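Asks: Counting in the numbering used here, the sequence shown tops out at residue 81, every number present.
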Amino acid sequence: LRSKMGRWNPCEDEFVAVLALSFWSLEKIDVSESVHQLAENYRRLIFAQLDKLYRKRMGVNEYAARMGEALMFLASVQV
Numbered sequence: 003l004r005s006k007m008g009r010w011n012p013c014e015d016e017f018v019a020v021l022a023l024s025f026w027s028l029e030k031i032d033v034s035e036s037v038h039q040l041a042e043n044y045r046r047l048i049f050a051q052l053d054k055l056y057r058k059r060m061g062v063n064e065y066a067a068r069m070g071e072a073l074m075f076l077a078s079v080q081v
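1) So the candidates are L55, R9, A22, R59; which of them puts its Cα closest to the Cα of N100?
2) When we look at the beta-carbon of E29 and count the other beta-carbons within 10 Å, is it buried (16 or more) or exposed?
3) Please report the Cβ distance between E71 and W10, rounded to the nearest whole angstrom; I am assuming they are in contact, meaning their Cβ atoms lie under 8 Å.
4) Can you list, in chain order, the residues of its chain whose CB lies under 6 Å from that of Y56, leaving out five sequence neighbours each side?
5) Between which residues of its own chain and A41 is the CB-CB distance below 7 Å, once the five residues before and five after are set aside?
6) Straight-line CA distance for R4 to D15?
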């Protein structure tokens, strides 16, 4: 887990975004369809804010690798 975190090396906003994505990841949880829809809407908003963070505040237009590291970290903590 530390190696994934070290490789990703997130800023504070990225880390908070991944925590929020973790909170709204309900794929393996039995909840109503309306809650799943709410979670999907929040996940879209979080990804949109990450896009703004990368492009405008960090000046990174090609951020697929960085986003991939973030999602790999998220997957490793959700196991």
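Glycine residues also receive a C-beta, built at the ideal position from the N, C-alpha and C atoms. If you're wondering where the values come from, they're calculated on a predicted model, not measured in any experiment.
Replies: In brief:
1) Residue coverage of the chain in this structure runs from 3 to 81, which leaves residue 100 outside it and unanswerable.
2) Taking a 10 Å sphere around the C-beta of E29, we find fewer than 16 other C-beta atoms and assign the residue as exposed.
3) The beta-carbon distance between E71 and W10, rounded to whole angstroms, is 4 Å. This is short enough to meet the 8 Å contact definition.
4) A distance below 6 Å between beta-carbons, with the five flanking residues on each side excluded, links Y56 to the following residues of its chain, in chain order: V62, Y65.
5) Here the set comprises W26, L28.
6) In a straight line, the C-alpha of R4 is about 18 Å away from that of D15.
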